[in-house]
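A.B. asks:
Residue numbers (our numbering): 526 to 1097.
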């Protein structure tokens, strides 16, 4: 097989090659150099050797270039400085003389001005080939073969992008982006879930820790303690003082125990009914109300310690005028009132009440005293006692939590305190309870007292044992004369009034219900030994001595009383 590039190939003569440079891959690039052919010029679209202007180091040797046209000398020739054509493409048109200066832009002027006409830029670059490498058949021009024309459209496939390839690339990008978005969404979701679980765990742990610290966990708090944990409840540190509210206008007293449990950091206001049976200094049985009036603060405090098993540190006697001043000093109080209290200064019926019934009622000092001492007709004393407890709670919430400020408030009252309780001690104690009350850690409890004035071990265990840390120990029932009372007056409230009077007189009260209304009262005793006791009962109730008779008593009572319409209550 003939290789047209081999030297001495038939029909082409001996060709020569010379090195012209290196391609982008570092391979040497050669170009064919043909022997000089006088009087003959062959056109090759790829390897044309055109006679051009100026010196061409790659052109055929031996050709002389005519002098270049000098534009500045009016067409005279100028010396040839050997213009350099780096591509070896000397163009000619219309028999132009060789040796013309090199025009880098391929333009020359022509016409009447003497300038050469513009020569169209042609692809006269001679194609360089590597020796012994077969080239395309049309690289060499064959004499007599028609010239080929090449158009840009033939090479359009090189530049035109493939629509399918772009679609594939777009699809790959879309699927990749969507996958990444899904993975990112999954990571964010897992992160949120983990964060939520951690937060919930911390909140739960903090809540359990707080409940444990505050002693509020079921089964662990002092209120839920069983009998086996009585020792632990009794070992808790408590500060207790007793408050006696004296109604200087209406008469009567109201008693409450203020408790600050420094171990559990909780406070309590224990309301003590006046009917609680106590043992007086001489060993006889009496009631709380009678003990406050007769035995004073020291005797009553000792009697309460005996019955409740507590250690009361001091007594705070709070007369109603001082309570009024105290409420005004702390800036009024807010109470959820359960009744309308009429204005004691009202001259006509139907006037607006002094205290309205409702939630969050703001009470001034005067209103607070009226509400704390109010007892509606037919109401038990416990209803009034609970109102007193509400007022005390309101005062504690408004009292300053700073011991010095609270002490100043107490000193401003200018009241004479019991020697067992100084201004500083009372102020510091109230400041501590105030701090607990503002956090909702002070509650009110009513001491459950039975009709006979005694404490039931089961009923009073929650308050006496868990709140006060004591043990209920009521006086011996045999020490007091038991009196059963039947109300035949037609007025329901007379039963409660007779109960208070008898308890204050040191008797044990037993209720026998309501009977048919009758005009006169009757006091009956069964044993002759109880005749003197029956006469004392009639005297205590304000009944005439002729109402005492011997007969049959009801139940286990020592004396039975039937109240008639002639009964005039002396105490309400």
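Every residue gets a Cβ at the ideal spot worked out from N, C-alpha and C, and that includes glycine. Given the structure is predicted, the values throughout are model-derived calculations rather than measurements.
Buried or exposed for residue 906, going by 16 or more other Cβ atoms inside 10 Å?
C.D. replies: Residue 906 is buried by the Cβ-count criterion.
A.B. asks: Sort 1061, 705, 897, 1007 by Cα distance to residue 802 and report the nearest one.
C.D. replies: The shortest Cα separation from residue 802 among 1061, 705, 897, 1007 belongs to 1007.
A.B. asks: Does DSSP put residue 973 in a helix, in a strand, or in coil?
C.D. replies: Coil.
A.B. asks: Does the distance from the CB of residue 958 to the CB of residue 1067 come in under 7 Å?
C.D. replies: In this structure, residue 1067 does not lie closer than 7 Å to residue 958 by Cβ.
A.B. asks: Measuring alpha carbon to alpha carbon, tell me which of 797, 1053, 788 ends up nearest residue 908.
C.D. replies: If we check each option's Cα against that of residue 908, 797 comes out closest.
A.B. asks: Could I get the ranges of all uninterrupted beta strand (DSSP E) runs contained in the segment 834–868, with 3 residues as the minimum, in chain order?
C.D. replies: List check, beta strand (DSSP E) in window: 839–844, 858–862.
A.B. asks: Tell me whether residue 1017 is buried or exposed, calling it buried when 16 or more other Cβ atoms sit within 10 Å of its Cβ.
C.D. replies: It is exposed - the Cβ of residue 1017 has fewer than 16 other Cβ atoms within 10 Å.
A.B. asks: If you follow the beta strand (DSSP E) that residue 1093 is in, where does it begin and where does it stop?
C.D. replies: From DSSP, residue 1093 is part of no beta strand (DSSP E); its letter is neither H nor E.
A.B. asks: Which first and last residues belong to the alpha helix (DSSP H) in which residue 1022 is found?
C.D. replies: First-last of the alpha helix (DSSP H) with residue 1022: 1018–1029.
A.B. asks: Beta-carbon within less than 7 Å of residue 885's beta-carbon, same chain only, minus the 5 sequence neighbours each way: which residues are those?
C.D. replies: So the qualifying residues of the chain are 859, 861.
A.B. asks: Touching or not, the segment 820–828 and the segment 961–981, by the rule of three or more beta carbon pairs under 8 Å?
C.D. replies: No: fewer than three Cβ pairs fall under 8 Å.
A.B. asks: Between the alpha carbons of residue 1041 and residue 1028, how many angstroms are there, rounded?
C.D. replies: So the alpha carbons of these two residues sit roughly 25 Å apart.
A.B. asks: Using the three-state DSSP reduction, which class does residue 1066 fall into: helix, strand or coil?
C.D. replies: It is helical.
A.B. asks: Under a Cβ-count criterion, where at least 16 other Cβ atoms within 10 Å of its own Cβ denotes burial, should residue 552 be classed as buried or exposed?
C.D. replies: The residue in question, residue 552, is exposed, as its Cβ has fewer than 16 Cβ neighbours within 10 Å.
A.B. asks: For residue 773, is the beta carbon positioned less than 6 Å from some heavy atom of the ligand COA?
C.D. replies: This structure lacks the ligand COA, and indeed carries no ligand of any kind.
A.B. asks: Pairs of beta-carbons, one from the segment 1021–1037 and one from the segment 983–992, closer than 8 Å: are there three or more?
C.D. replies: The segment 1021–1037 vs the segment 983–992: no contact.
A.B. asks: Please classify residue 1052: is it buried, with 16 or more other beta-carbons within 10 angstroms of its beta-carbon, or exposed?
C.D. replies: Residue 1052 should be labelled exposed.
A.B. asks: With H, G and I counted as helix, E and B as strand and the rest as coil, what does DSSP make of residue 659?
C.D. replies: Caution is warranted here: a pLDDT of 48 is assigned to residue 659, below 50, making its placement in the model unreliable, and the coordinate value is therefore given only provisionally. Reduced to three states, the DSSP call for residue 659 is coil.
A.B. asks: Is the beta carbon of residue 770 sitting closer than 7 Å to the one on residue 913?
C.D. replies: Yes, these two residues count as a Cβ contact at 7 Å.
A.B. asks: Using 8 Å as the cut-off, can you tell me whether the segment 918–932 makes contact with the segment 948–962, which would need three or more C-beta pairs spanning the two stretches below that distance?
C.D. replies: With the cut-off at 8 Å, the segment 918–932 and the segment 948–962 touch.
A.B. asks: Select from 1045, 804, 889 the residue whose C-alpha is nearest the C-alpha of residue 828.
C.D. replies: Checked all of 1045, 804, 889; the closest Cα to residue 828 is 804.
A.B. asks: Please tell me whether residue 845 and residue 826 are closer than 7 Å, where the distance is taken between their beta carbons.
C.D. replies: Contact flag unset, no.
A.B. asks: Suppose the cutoff is 7 Å on Cβ atoms and the five residues either side in sequence are ignored; what does the same chain contact list for residue 927 look like?
C.D. replies: Counting only Cβ-Cβ distances below 7 Å, and skipping sequence neighbours, we find 956.
A.B. asks: So what's residue 1033 in DSSP terms, helix, strand or just coil?
C.D. replies: Looking at residue 1033 - three-state DSSP - the assignment turns out to be strand.
A.B. asks: Check for me: the alpha helix (DSSP H) holding residue 877 runs from which residue to which?
C.D. replies: Here residue 877 belongs to no alpha helix (DSSP H), and DSSP marks it neither H nor E.
A.B. asks: To the nearest angstrom, how far is it from the Cα of residue 967 to the Cα of residue 732?
C.D. replies: Straight-line Cα distance between these residues: approximately 20 Å.
A.B. asks: Closer than 7 Å by C-beta to residue 1013: which residues in its own chain qualify, once you throw out the five before and the five after it? Chain order, please.
C.D. replies: Excluding sequence neighbours, residue 1013 sits near 1040, 1041, 1042, 1043, 1087, 1088, 1089.
A.B. asks: Tell me whether residue 731 sits in a helix, a strand or coil according to DSSP, three-state version.
C.D. replies: Helix.
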